[in-house]
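Enquirer:
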Amino acid sequence: MTAGLTAGLMSIDLMTTGLSTSGLLTNRYWFKVLFEYCADPDSLSSLSWLSCYLTTVKHQSLYWSILTVLILLAVTAPMAVGLGLAGALARRSPFGAVRGLGWGYTSMVRGIPDLIFFLFVPLAIDQMLEYIRHRVLCPQETGPVWVGHDFVVCDAAKLPLGPSPEWVHDIYGFMLAVLAFSIVFGAFCANVIHGAMNAVPRAQLETARAYGLSPRQVMFRIHLPQTWIYALPGLSNVWMILIKATPLLFLMGVEDIVYWAKELGGSKSARFSDFPHGDWRIYYFSGLLVFYLLFTWFSQIGLKRLTDRVSRGQATLAGGKGGLGR
Amino acid sequence: MKTFVTAALVSVLAAGAAFAGSHSVRLGTEGAYPPFNFVNDSGEVDGFEREVGDRLCELAGLECTWVTNDWDSIIPNLVSGNYDVIIAGMSITDERDEVIDFTQDYFPPDPSSYMAMADAGGPGETVTAQTNTIQAAYLAAQDGVTLVEFATPDETVAAVKSGEADSVLADKAYLAPFVDESNGELAFVGDDVMIGGGVGLGIRESDTELKEKLDAAIAEMKADGSLNALIAKWFDGRSGY
Chain A
196 MTAGLTAGLM SIDLMTTGLS TSGLLTNRYW FKVLFEYCAD PDSLSSLSWL
246 SCYLTTVKHQ SLYWSILTVL ILLAVTAPMA VGLGLAGALA RRSPFGAVRG
296 LGWGYTSMVR GIPDLIFFLF VPLAIDQMLE YIRHRVLCPQ ETGPVWVGHD
346 FVVCDAAKLP LGPSPEWVHD IYGFMLAVLA FSIVFGAFCA NVIHGAMNAV
396 PRAQLETARA YGLSPRQVMF RIHLPQTWIY ALPGLSNVWM ILIKATPLLF
446 LMGVEDIVYW AKELGGSKSA RFSDFPHGDW RIYYFSGLLV FYLLFTWFSQ
496 IGLKRLTDRV SRGQATLAGG KGGLGR
Chain B
7 MKTFVTAALV SVLAAGAAFA GSHSVRLGTE GAYPPFNFVN DSGEVDGFER
57 EVGDRLCELA GLECTWVTND WDSIIPNLVS GNYDVIIAGM SITDERDEVI
107 DFTQDYFPPD PSSYMAMADA GGPGETVTAQ TNTIQAAYLA AQDGVTLVEF
157 ATPDETVAAV KSGEADSVLA DKAYLAPFVD ESNGELAFVG DDVMIGGGVG
207 LGIRESDTEL KEKLDAAIAE MKADGSLNAL IAKWFDGRSG Y
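Going down the list, the sequences are from chains A and B.
Going by the working numbering, the first residue of the first sequence is number 196, and it counts up by one from there.
Going by the working numbering, the first residue of the second sequence is number 7, and it counts up by one from there.
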């Protein structure tokens with residue numbers, strides 16, 4: 196047992212070194228040590244062939260990309276809700292300038308096609324950061340940054356630095372993608388939350404004021420807690436749309452599941468792969484179909500529970516089901 | 007004059023030192039265009055261009071890393087500095103040359119061919135090609151041809167097999183393995199067309215130093231025959247330069 200575990204760990208170790216230092220072409224299989232029979236795929240029966248096929252390093256990239264999508268969702272969702280809350284609060288601010296900012300943010304992002312925003316935001320942020328670094332880190336270079344079609348900054352200003360390992364580039368690209376997703380979906384959240392804040396009965400807030408609560412206390416103790424009940428249906432819609440928007444990741448250079456499904460499913464000739472096969476995209480895409488359906492289905496269940504929970508005891512129809520109706 | 011020469015020498019040396027020391031060159035490829043470039047079972051870039059690229063970097067004394075990028079945005083991502091070289095079976099054309107620079111070709115001009123089902127007899131009216139390729143531009147300019155574009159080369163071949171398109175127009179070197187391995191199911195049809203001027207490395211126009219280094223390295227590989235050997239190895243013994 197221990198031996199098996201060590202072997203497993205060893206293979207994972209092999210795998211990571213194989214990925215980081217290119218050139219280890221011999222390290223071909225993920226669980227190389229676990230499946231020794233994979234050395235000669237042509238001789239295998241269909242089942243063991245499949246087990247080797249599904250554990251190539253290339254397939255491992257597919258499994259990683261599932262994790263990438265999940266991490267993206269886990270990071271983006273709270274960031275988008277946070278930005279949305281900030282946007283909604285900004286739109287109710289007593290200061291005109293802040294109100295304008297909140298209004299401008301939501302209308303601009305909502306009014307521009309997502310696709311354009313996804314192409315624009317990462318590029319703009321990347322170039323802005325590199326431009327600033329270029330001016331600060333390379334003051335000796337006074338030439339223009341845009342030379343014809345080229346965007347040229349000094350080596351020290353590059354983000355990430357040219358010699359950085361590939362995973363640094365990957366993480367940087369991923370972070371830009373998260374930012375773009377958060378900004379776009381934050382605007383949708385802002386609108387939902389703004390609407391939900393307006394739906395809280397005025398009488399509640401006036402009563403709270405009459406009890407002597409300060410505007411701040413009213414906001415955080417009475418207004419916002421009730422906002423979530425009205426915001427949840429809208430926010431769950433945004434969550435569903437966010438899940439379904441994850442294939443846009445590839446536009447930003449992040450290799451997501453749809454990219455890998457397409458890549459792995461494409462026909463492979465025996466000359467270039469040990470696992471030749473025809474056009475298998477239908478199977479891979481069917482797999483994606485199931486993945487996304489299950490994911491949204493479980494989300495729906497989770498969101499339903501959450502809604503029930505925040506509705507409990509509220510003076511709404513949904514709230515009545517729990518306590519008040521009985 | 008003397009100071010100028012000294013200054014120039016010093017700056018060149020400094021630049022060279024910086025280049026050798028910290029600057030690593032990122033090679034951008036598509037990873038979906040065998041035998042030129044593809045991602046192998048180990049998840050690494052492989053193929054003719056992998057070997058050529060690694061050898062060129064060795065000759066030019068550069069430290070190179072490989073990056074994959076989809077074909078559609080491969081030029082925009084070069085000019086915005088995500089990588090430094092395009093090595094993706096990209097034909098040298100005037101249109102592209104306006105945006106980026108090319109080194110001399112490392113793969114000679116290759117005819118483009120129509121591939122269809124063996125019983126088709128001709129290219130037909132609905133012809134498919136990869137987006138943003140010389141073949142797509144060529145087909146778009148033809149009368150009586152409906153062009154169907156796909157983002158990856160693999161999808162164009164799949165479209166012919168599924169009957170969505172009558173034929174596919176692509177580099178002969180790319181299509182040849184599909185014809186060879188189809189057991190007579192697929193065949194070249196119609197006449198080959200000569201478009202494009204050989205395959206070169208795409209470099210930013212502002213990156214003249216890198217271009218010169220790689221140009222020299224390609225010339226060296228051509229002179230010592232190692233380039234021809236690689237062409238013969240990856241393209242069924244075809245002759246090179």
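Every residue, glycine too, gets a C-beta built ideally from N, C-alpha and C.
(1) Specify whether the segment 295-305 of chain A and the segment 383-394 of chain A touch according to this definition: at least 3 beta carbon pairs, one from each stretch, less than 8 Å apart.
(2) Buried or exposed for Glu50/B, please, with buried defined as at least 16 other CB atoms from any protein chain shown within 10 angstroms of its CB.
(3) Rank Glu57/B, Gly37/B, Gly34/B and Glu36/B by C-alpha distance to the C-alpha of Ala238/B and give the top, closest one.
(4) Across the segment 214-221 of chain B and the segment 126-141 of chain B, are there enough close Cβ pairs to call them in contact, namely three or more that are closer than 8 Å?
(5) Starting from Asp197/B, trace the beta strand (DSSP E) both ways and give me its first and last residue.
(6) Might you give, ordered along the chain, the residues of its own chain that have their beta carbon closer than 6 Å to the beta carbon of Asn83/B, omitting 5 neighbours on each side?
(7) The segment 342-355 of chain A: which residues have C-beta closer than 8 Å to a C-beta of chain B, in chain order?
(8) With a floor of 3 residues, list each beta strand (DSSP E) that falls wholly inside the segment 103-164 of chain B, ordered by position along the chain.
(9) Going along chain A in order, which residues have a C-beta closer than 8 Å to the C-beta of Phe44/B?
(10) Below 8 Å on the Cβ atoms is my guess for Ala394/A versus Val316/A; work out the distance and round it to an integer in Å.
(11) Classify Asp198/B as buried or exposed, calling it buried when 16 or more other Cβ atoms lie within 10 Å of its own Cβ.
(12) Just mark Val348/A as buried or exposed, buried being the case when its beta carbon has 16 or more other beta carbons within 10 Å.
(13) Just mark Val485/A as buried or exposed, buried being the case when its beta carbon has 16 or more other beta carbons within 10 Å.
(14) Look up Thr71/B in the DSSP assignment and say whether it is helix, strand or coil.
(15) Hey, could you find the ends of the alpha helix (DSSP H) Val264/A is sitting in?
(16) Counting only runs of 4+ residues fully inside the segment 279-355 of chain A, write out the alpha helix (DSSP H) ranges in chain order.
(17) Looking only at its chain, what residues have a beta carbon closer than 6 Å to the beta carbon of His472/A, apart from the 5 residues adjacent to it on each side?
(18) Could you say if the segment 241-252 of chain A and the segment 339-348 of chain A meet the contact criterion of at least three C-beta pairs nearer than 8 Å?
(19) Between the Cα of Thr416/A and those of Leu400/A, Pro428/A, Ser302/A and Ser431/A, spot the shortest distance and give me the residue it belongs to.
(20) Tell me where the beta strand (DSSP E) around Asn34/B begins and ends.
(21) Here's the rule: buried if 16 or more other CB atoms are within 10 angstroms of the residue's CB, otherwise exposed. What is Ser212/B?
(22) Which residue marks the beginning of the alpha helix (DSSP H) containing Ala426/A, and which one marks its end?
(23) Please name the residues in the segment 243-265 of chain A whose beta-carbon is closer than 8 Å to at least one beta-carbon of chain B, in chain order.
(24) Specify, as a first and last residue, the run of the beta strand (DSSP E) that Val453/A falls within.
(25) With DSSP as the reference, label Tyr39/B as helix, strand or coil.
(26) Could you check the C-alpha separation between Thr6/B and Val449/A for me, to the nearest Å?
(27) Check the Cβ-Cβ distances between Gln322/A and every residue of chain B, and say whether any is below 9 Å.
(28) Based on the DSSP secondary-structure assignment, which residues constitute the bridge partners of Phe44/B?
(29) Ignore the nearest five residues each way along the sequence and tell me which others in Glu336/A's own chain have a CB closer than 8 Å to its CB.
(30) With a cut-off of 9 Å, does the C-beta of Ser288/A fall near any C-beta of chain B?
(31) Between Arg476/A and chain B, is the shortest Cβ-Cβ distance under 9 Å, so that the two count as touching?
(32) Quick check on the burial criterion: 16 or more other C-beta atoms within 10 angstroms. Buried or exposed for Gly279/A?
(33) Can you name, in chain order, every residue of its own chain whose Cβ lies under 7 Å from the Cβ of Tyr479/A, other than the five neighbours on each side?
(34) For the candidate residues Gly53/B, Asp78/B, Gly231/B and Gly204/B, whose alpha-carbon lies nearest to that of Thr158/B?
(35) Here's a check: name, in chain order, each residue in its chain whose Cβ is nearer than 7 Å to the Cβ of Gly522/A, leaving out the five neighbours to either side.
(36) Could you spell out where the beta strand (DSSP E) holding Asp3/B opens and where it closes?
Expert: Per the coordinate set shown:
(1) yes
(2) Using a 10 angstroms sphere on the CB of Glu50/B, the tally of other CB atoms reaches 16 or more, which defines it as buried.
(3) Glu57/B
(4) no
(5) Leu192 to Val199
(6) Asn75
(7) Val342, Gly343, His344, Asp345, Phe346, Val347, Val348, Asp350 and Lys353
(8) 118-123, 132-136 and 152-156
(9) Listed by position along chain A, the residues whose Cβ is nearer than 8 Å to that of Phe44/B are Phe467.
(10) The pair is not a contact, with the Cβ atoms about 31 Å apart (cut-off 8 Å).
(11) Exposed, by the Cβ-count rule.
(12) buried
(13) exposed
(14) strand
(15) Val252 to Arg286
(16) 291-306 and 309-332
(17) These residues qualify, in order along the chain: Lys463.
(18) no
(19) The residue asked about is misnamed: residue 416/A is Arg in this sequence, not Thr. Of Leu400/A, Pro428/A, Ser302/A and Ser431/A, the residue nearest in Cα terms is Leu400/A.
(20) The amino acid occupying residue 34/B in the given sequence is Gly; Asn does not appear at that position. Ser30 to Thr35 is the extent of the beta strand (DSSP E) around Gly34/B.
(21) Label assigned to Ser212/B: buried.
(22) Leu419 to Ala440
(23) Thr251, Val252, Lys253, Gln255 and Ser256
(24) No beta strand (DSSP E) contains Val453/A, which is instead part of the alpha helix (DSSP H) from Ile452 to Gly460.
(25) strand
(26) Absent from the model: residue 6/B. The displayed extent of chain B is 7 to 247, so no value can be given.
(27) yes
(28) Looking at the DSSP assignment, Phe44/B forms a beta bridge with Ala38/B and Asp52/B.
(29) His329 and Cys349
(30) no
(31) At least one chain B Cβ lies under 9 Å of Arg476/A.
(32) It is buried - the Cβ of Gly279/A has at least 16 other Cβ atoms within 10 Å.
(33) Ala456, Leu459 and Gly460
(34) Asp78/B
(35) In the structure as shown, chain A begins at 196 and stops at 521. Residue 522/A is therefore absent and cannot be evaluated.
(36) The structure shown does not extend to residue 3/B, since chain B is modelled only from 7 through 247, so no value can be given for it.
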